[in-house]
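Numbering (the working numbering), first residue to last: 470 to 642.
Ideal Cβ placement from N, Cα and C applies to all residues, glycine included.
Have a look at the structure below, then the notes.
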Amino acid sequence: MIRQAVVSDLDSIEEGYREHFTYERTNGAYTVFKEGVYPTRSDAEKALRNKGLYVYEENGVIMGSMILDRRQPAEYRTIHWPGGASDEKVRVIHLLMVRPGMAGKGIGSALVKKALEMAKEDSCVAVRLDTGEQNTPAVALYRKLGFQVTARSHMNVGGAISHGGHLFFEKIL
């Protein structure tokens, strides 16, 4: 089940972030995330306060999370978005995270599909997101779900981690 997060979910979401960092230290990294910098519990708390934090839960276990809101990072202003949607007609997926032990079970796909569904229900015409080009699992997922790469540029991931090989995706609804 995918639902809006509540305060009692924060410990599990934070544990998912820790599992991510442990996994990447052991197995190599697809992301440019930095432990203690981004993502952190405070990122999840801010999204929760803004009613943009969602979780994928089964049998009381939080297996993944995402942030979905209207906030377009500053770098999005420099991108030519083919859909040309006005800001109020766009939703942005930030920080899609699936616990490493749950990868390959369709959780990421389900979260993105739910974001698309919620955006349509809110009369949006486009969903945008970004990821590093080295994050091959995420790139493959977004392409499979119909997102188009609109640009490759620099991004300050989480507002704090400079990354030059970043891909910007858009899906017209």
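Taking just the CA atoms, how far does Gly-553 sit from Glu-514?
31 Å
If you reduce the DSSP assignment to three classes, tell me which class Tyr-499 lands in.
coil
Let me make sure I understand the geometry here. Which of Gly-529, Val-530, Thr-509, Ser-534 has the alpha-carbon closest to that of Gly-521?
Ser-534
Look at Ala-588 and Val-581 and say whether their C-beta atoms are less than 7 Å apart.
no
Would you mind stating whether Tyr-499 and Asn-604 have Cβ atoms separated by less than 7 Å?
Yes, the pair counts as a contact, with Cβ atoms nearer than the cut-off.
Does the beta-carbon of Thr-491 have 16 or more other beta-carbons within 10 angstroms, so that it is buried, or is it exposed?
exposed
Could you tell me the boundaries of the alpha helix (DSSP H) in which Ser-578 lies?
576-590
Specify the secondary structure class of Thr-642 as computed by DSSP and reduced to three states.
Here the sequence assigns Leu to residue 642, which means Thr is not the residue at that position. Note: Leu-642 maps to coil in three-state DSSP.
Between the alpha carbons of Glu-590 and Arg-560, how many angstroms are there, rounded?
11 Å
Whole angstroms are fine: how far does the CA of Gly-505 sit from the CA of His-563?
18 Å
Leaving out the 5 sequence neighbours to the left and right, which residues in its chain are closer than 8 Å to Ser-592 when beta-carbon positions are compared?
Lys-558
Tell me the residue span of the beta strand (DSSP E) that contains Ser-622.
617-626
Exposed or buried, Ala-609, counting other C-beta atoms within 10 Å across all chains shown (16 or more means buried)?
exposed
Over what stretch of residues does the alpha helix (DSSP H) that includes Tyr-611 continue unbroken?
605-613
Is the CB-CB distance between Met-532 and Arg-510 below 7 Å?
Contact: no.
With a 10 Å radius around its C-beta and 16 neighbouring C-beta atoms as the bar for buried, classify Val-530 as buried or exposed.
exposed
Starting from the Cα of Phe-638, find the closest Cα among Gly-627, Gly-628, Gln-617 and give me that residue.
Considering only alpha carbons, the answer is Gln-617.
In this structure, how does DSSP classify Met-571 when only helix, strand and coil are distinguished?
helix
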